[in-house]
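Structure, as structure tokens:
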Amino acid sequence: MITKDEFIIPQKLSLWDFYRTSLYVTLRSKRLSWLYYFVTGVGVLNLFVNIAASAKAAGPIWILVLQSLLPLLVLMLFLFGGTFIICVVIKLLKPGIFNNMTYQFTHWGLYKKSDIVDYSIPWRNIVKVKETRSFIYLYFSKDDAHVIQKKMFRHVDELQSFKIFMKACVNQK
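Numbering (this note's numbering), first residue to last: 5 to 177.
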């Protein structure tokens, strides 16, 4: 396998890819996790209180369960629907972040360039790297990440070479 000292990766995000990556990063947020735990706990507590208070329940138990889970369902609907609406608005207001974006990786760090964005981040600022089936997430804070699409690599060998390069650069910081 050939190792390289520099990678230039174009990015062309579809709305669906942007939505998926936004959800991935959002759902792994610690603050949001605590909100889910709180709403779920309140729902479960509500269920037990309702069952205890209505020993002679006039209706079936599944109605109580549904009422108790309703806050969690509303939160999930708001999260998924709200994230999609925000993604659509971002696509309409800033279409430049979806096309003509280029990441350049060197031993110093990464450079992100497009018509509306031009900045760089050294490897020492990357706090963690996560990989999914379709994307590589380079986190520069707990809740913010740069997303690299695996489908933008021309060959599997190029992707493997990039992973080796990236691992070496992140570990050397």
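Every residue gets a Cβ at the ideal spot worked out from N, C-alpha and C, and that includes glycine.
Just so we're clear, the structure is a prediction, and the values are computed from it rather than from any experiment.
For the pair of segments examined, the stretch 34–43 was found to touch the stretch 76–91: the number of CB pairs separated by less than 8 Å reaches three. Per DSSP, Gly100 is not a residue of any alpha helix (DSSP H), being assigned neither H nor E. Just so you know, the alpha carbons of Lys132 and Gly47 end up roughly 34 Å apart.
Secondary structure of Leu17 (DSSP, three-state): coil.
Rounded to the nearest whole angstrom, the C-alpha separation of Lys16 and Leu70 is 42 Å.
Contiguous beta strand (DSSP E) elements confined to the stretch 110–167 occur at 113–117, 122–126, 132–135, 139–143, 149–153, taking only those with 3 or more residues. In this structure, Val174 sits away from Trp112, with a CB-CB distance that is not shorter than 8 Å.
Closest in C-alpha terms to Phe139, from the list Ser145, Gly85, Phe22, Lys8, comes Phe22. Straight-line measurement puts the Cα of Leu73 at about 13 Å from the Cα of Ile65. The residue from Val53, Pro14, Lys8, Ile90 with its alpha-carbon nearest to that of Thr106 is Pro14. By the CB criterion at 8 Å, Leu68 and Leu96 fall outside the cutoff.
Residue pairing from DSSP leaves Gln71 without any beta-bridge partner. One Cα belongs to Gln108, the other to Phe84, and the distance between them is close to 32 Å.
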